[in-house]
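**Q** Dropping a structure here in structure tokens format, bear with me for questions.
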Amino acid sequence: MTSRPSALLDDLDTALLALAPIRRRILAALTEPASAAGLSEQLGLPRQNIGHHLRALEAAGLIQLAEERRKRGFTERLFVAAQNYVFDPALMQAPPDPDAVDAQDRHAADHLISTASTIVRDVARMRQDAAAEGSRLLTLTVETDVTFAAPADFDAFTEEVSAAVVALARKYAAPSGRRYRLTAAAWPATPKPPAARN
2 MTSRPSALLD
12 DLDTALLALA
22 PIRRRILAAL
32 TEPASAAGLS
42 EQLGLPRQNI
52 GHHLRALEAA
62 GLIQLAEERR
72 KRGFTERLFV
82 AAQNYVFDPA
92 LMQAPPDPDA
102 VDAQDRHAAD
112 HLISTASTIV
122 RDVARMRQDA
132 AAEGSRLLTL
142 TVETDVTFAA
152 PADFDAFTEE
162 VSAAVVALAR
172 KYAAPSGRRY
182 RLTAAAWPAT
192 PKPPAARN
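Numbering of the sequence shown is given in my numbering, commencing with residue 2 and proceeding in unit increments.
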């Protein structure tokens with residue numbers, strides 16, 4: 002089966018190309034390898050029109066060649082889309098001011114959003130590079146819900162988590178090796194929708 006890694010859209014022109022309605026339909030249809038002829042039949046659009054969009058998507062790196070096969074005297078090219086597309090949040094943001102970020106209050110929502118945007122961009126880019134090399138990107142995700150009875154409990158929890166992270170960082174600090182970025186974040190959980198009744 003053809004590998005379908007995630008694709009990071011960190012260029013505005015590429016993002017706009019991917020968002021065009023007909024190209025979104027083509028990308029959605031390319032979960033399995035398909036040719037211009039197959040997509041034409043599936044989407045009910047002229048083959049020449051599909052071919053034009055496939056060339057644009059291939060040039061932008063939004064689809065990849067999955068297979069070439071001879072068919073009635075010509076070579077048929079089959080393409081496949083990425084498993085998912087990740088938009089770089091920085092596309093819609095001004096370049097960050099390093100001094101301003103460093104001065105942010107750790108409780109500021111803007112700081113959390115900026116940090117989350119960086120995680121999305123960096124991890125998606127490294128995931129692409131790892132897939133191109135045929136290697137695995139080693140990451141860690143820990144998630145849980147915590148309920149606080151009072152605001153003071155949140156403050157106390159924040160101090161304990163910060164102290165624990167600092168202690169672990171010091172314990173595993175090495176003079177050389179692969180550096181990892183650890184981010185601990187907390188925000189109000191959204192209510193879960195009620196279970197559907199039959």
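Just so you know, even glycine gets a beta-carbon here, dropped at the ideal spot from N, CA and C.
Values in this document were obtained by computation on a predicted structure and should not be read as measured data.
Quick one: residues in its chain with C-beta nearer than 6 angstroms to the C-beta of R70, no 5 flanking neighbours on either side, listed in chain order?
**A** E77, listed in sequence order.
**Q** What are the partner residues of R25, as DSSP defines its beta bridges?
**A** Its beta-bridge partners do not exist; DSSP assigns none.
**Q** List in chain order: all unbroken beta strand (DSSP E) runs of 3+ residues lying wholly within the stretch 170 to 199.
**A** None, since the stretch 170 to 199 contains no complete beta strand (DSSP E) of that length.
**Q** Tell me the DSSP bridge mates of A216?
**A** It is not possible to answer for residue 216, since the shown part of the chain is limited to 2 through 199.
**Q** Would you identify the three-state DSSP class for T142, choosing helix, strand or coil?
**A** Looking at T142 - three-state DSSP - the assignment turns out to be coil, as it is neither helix nor strand.
**Q** For T145 and A186, what's the separation of their Cα atoms in angstroms?
**A** Looking at the two C-alpha atoms, the distance is approximately 11 angstroms.
**Q** Who does L79 pair with in a DSSP beta bridge?
**A** E68.
**Q** Do you know how far the Cα of T142 is from the Cα of I27?
**A** Rounded to the nearest angstrom, the two C-alpha atoms are 32 angstroms apart.
**Q** In angstroms, rounded to a whole number, what distance separates the CA positions of V124 and K172?
**A** Distance between the alpha carbons of V124 and K172 is about 25 angstroms.
**Q** Can you confirm whether the stretch 108 to 127 touches the stretch 31 to 39 when touching is taken to mean that 3 or more C-beta pairs between the two stretches lie within less than 8 angstroms?
**A** No: the two stretches stay apart, fewer than three of their Cβ pairs being nearer than 8 angstroms.
**Q** Run through DSSP, which three-state label would A30 get?
**A** DSSP places A30 in helix when its eight states are reduced to three.
**Q** If you reduce the DSSP assignment to three classes, tell me which class A131 lands in.
**A** Note: A131 maps to helix in three-state DSSP.
**Q** In terms of residue numbering, what span does the alpha helix (DSSP H) encompassing G39 cover?
**A** That run of the alpha helix (DSSP H) goes A37 to L44.
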